[in-house]
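Structure, as structure tokens:
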Amino acid sequence: MTRIAANLSMLFTDAPFLDRFDRAGAAGFDTVEFLFPYDHPIEVVKTRLDRNGLRLSLINAPAGDWAAGEKGFAARPGKRAEFRASVEQAITYATGLGCPRIHVMSGITADEPDRAACEAVWTENLREAADMAAGAGLFISIEPLNSRDVPGYFIAHQDPTLALIEGLDRRNVLLQFDVYHTQIMDGDIIRRIERLKGAYGHVQIAGVPDRHEPDTGELNYAEIFAAFDRTGFDGPMGCEYNPRGRTEDGLGWAAPYLRAVS
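Taken in order, the sequence shown gives residues 32 to 293; the numbers are from the numbering used here.
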């Protein structure tokens, strides 16, 4: 049965971050995800979740100067201290908010002269992060990002990313299958969903190519949802898209997957 989660970093953005929880609850979502909650105390965020009956499915570890284009540290030599601090902070927040999964970003490595060195530090960092997260009962999520939107990102394709994850030998590190990024870089979505069954722990969705609502663009999401159902995936799929207008006005596609609201 398809389940969806509102990504509060991209939906309801005409409201301040903390007010987006109320909007998501009123729209019928029962689960949310977001990138960086770190500007707000854990207790404040938890209150917003609880008063709207919302579960939290995913947060990102701090990823550096986002406004300046930084996208994490995991594969960046010389950033070991920043990486460890980011994971420690994310674990504190995930534990306090009842969130089972942390997306750890790999970083922009286009300017790094030695790809092998990037892979080596990524492996070392992710093994450490996995062990830290395991101590708190948490999962680590690793996501390839398409090179059109995020040029120079360390990982852009599903299969090579999965090979890196398998080399970690850590059971709590799983692939993050973002349908939007995957379609742009790899295609063959239905067969890829089926072939990678069990390898991904979190899914995100958006229309392609413009990253608007899933009922726009080149993909048939009814068939995509059915494919995920066939694999037995039952996690909430993050709605990580840019609404064409007011978020609520574009949720017609989501009506079968939202709870009834009075």
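For every residue, glycine included, the Cβ atom is placed at its ideal position computed from N, Cα and C. Since this is a predicted model, take the numbers as computed values, not measurements.
- Taking C-alpha positions only, D280 is separated from G248 by approximately 18 Å.
- Under the three-state reduction of DSSP, G168 is assigned to coil, being neither helix nor strand.
- Taken in chain order, the whole beta strand (DSSP E) runs of length 3 or more contained in the region 148-233 are 170-173, 204-209.
- Put simply, the backbone Cα of A37 is about 30 Å away from that of L199.
- For S137, the secondary structure class from DSSP, reduced to helix, strand or coil, is strand.
- In the same chain as G84, and ignoring 5 residues on each side of it, the C-beta atoms closer than 7 Å to its own belong to G56, D61, in chain order.
- A distance below 6 Å between beta-carbons, with the five flanking residues on each side excluded, links M216 to the following residues of its chain, in chain order: N177, A187, H188.
- At least 8 Å separates the beta-carbon of L157 from that of A125.
- C-alpha of L205 to C-alpha of R51: approximately 28 Å in a straight line.
- Taking C-beta atoms as the reference points, A141 and G183 count as a pair closer than 8 Å.
- With a 10 Å radius around the Cβ and a threshold of 16 neighbouring Cβ atoms, D209 comes out buried.
- Secondary structure note for V76: its alpha helix (DSSP H) is the uninterrupted segment 73-82.
- Excluding its 5 nearest sequence neighbours in each direction, A161 has C-beta neighbours in its own chain below 7 Å: I171, L199, R201, N203, V204, listed in chain order.
- A distance below 8 Å separates the beta carbons of V181 and K102.
- Closest option to A92, judged by alpha-carbon separation, among R82, R86, F104: F104.
- For E143, no alpha helix (DSSP H) segment is defined, and its DSSP state is neither H nor E.
- Annotated as distal: L66 and G129, with beta-carbon spacing of 8 Å or more.
- Going by DSSP, V63 is part of no alpha helix (DSSP H) but of the beta strand (DSSP E) stretching over 62-64.
- Between the alpha carbons of S40 and P274 lies a distance of about 12 Å.
- About 26 Å separates the beta carbons of L193 and A253, which is beyond the 8 Å limit, so they are not a contact pair.
- DSSP places S88 within a strand segment (E or B) once states are collapsed to three.
- As summarised for the region 103-137, the continuous alpha helix (DSSP H) elements at least 4 residues long and confined to that stretch are 111-128, given in chain order.
- It is roughly 15 Å from the alpha-carbon of L282 to the alpha-carbon of M268.
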